[in-house]
Amino acid sequence: MEYTFSMIKPGAVEGNNIGAILQKIEVAGFSICAMKKSWLTKEQAQVFYEVHKDRPFFDDLTEFMSSGPIIALIIEKENAVEDFRTLIGATDPSKAEPGTIRAMFAKSVSQNAIHGSDSIENAEIEADYFFAKRERY
Ligand code: IDP
Ligand code: MG
Numbered sequence: 012m013e014y015t016f017s018m019i020k021p022g023a024v025e026g027n028n029i030g031a032i033l034q035k036i037e038v039a040g041f042s043i044c045a046m047k048k049s050w051l052t053k054e055q056a057q058v059f060y061e062v063h064k065d066r067p068f069f070d071d072l073t074e075f076m077s078s079g080p081i082i083a084l085i086i087e088k089e090n091a092v093e094d095f096r097t098l099i100g101a102t103d104p105s106k107a108e109p110g111t112i113r114a115m116f117a118k119s120v121s122q123n124a125i126h127g128s129d130s131i132e133n134a135e136i137e138a139d140y141f142f143a144k145r146e147r148y
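Counting in my numbering, the sequence shown runs from 12 upward without gaps.
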């Protein structure tokens, strides 16, 4: 079974959309393997998004991602990485398909409600950043 890593971002946690987003994830056939509430420091957000460190939006992104608590998740399903990217929709919510999590819950490109790993390799790196093996079932 494949897994992917996800984070419900601060805007969606603040907006009380955790339950609605988890419901969409479960209805789409994913099982929750690990879940926790956490609050990243700016330094931890910079490590998590290190691939984007030279992009113009890096400071805004890491500022936002450390502005409040997040929900970290490992979720499981066949073809989890690709299917989850489809479920969350495009990075820019104005371009996301109707019914996707970002179309429903994102406020803007920078505050786009949810993260989903872009590859199996990155899912492993990102899941390991948040969860010990004994926290996954
Ligand atoms: P993804 O989250 O859809 O994989 P990435 O390109 O990996 O998109 O970018 C990471 C995050 O950085 C996005 O989710 C979004 O919040 C933010 N971001 C990406 N591009 C822009 C931009 O052009 N302006 C502002 N924020 C951006
Ligand atoms: Mg990405």
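By construction, the Cβ of each residue, glycine as well, lies at the ideal position given by its N, Cα and C atoms.
Scanning the segment 64–124 from its first residue to its last, the whole alpha helix (DSSP H) runs of 4-plus residues come out as 69–76, 91–99 and 112–116. The beta carbon of residue 107 lies closer than 6 Å to those of 100, 101, 113 and 114 in the same chain, with the five residues before and after it left out. When DSSP reads this structure, residue 14 sits in a beta bridge with 87. For the pair residue 88 and residue 64, the Cα-to-Cα distance works out to about 31 Å. Per DSSP, reduced to three states, the secondary structure at residue 47 is strand. Remark: three or more beta-carbon pairs, one from each stretch, lie closer than 8 Å, so the segment 15–34 and the segment 123–142 are flagged as touching. The closest CA to that of residue 15, considering only 143, 91, 97 and 147, is found on 91. Here residue 148 has 44 and 45 as same chain residues with Cβ atoms under 8 Å from its own Cβ, once five neighbours each way along the sequence are excluded.
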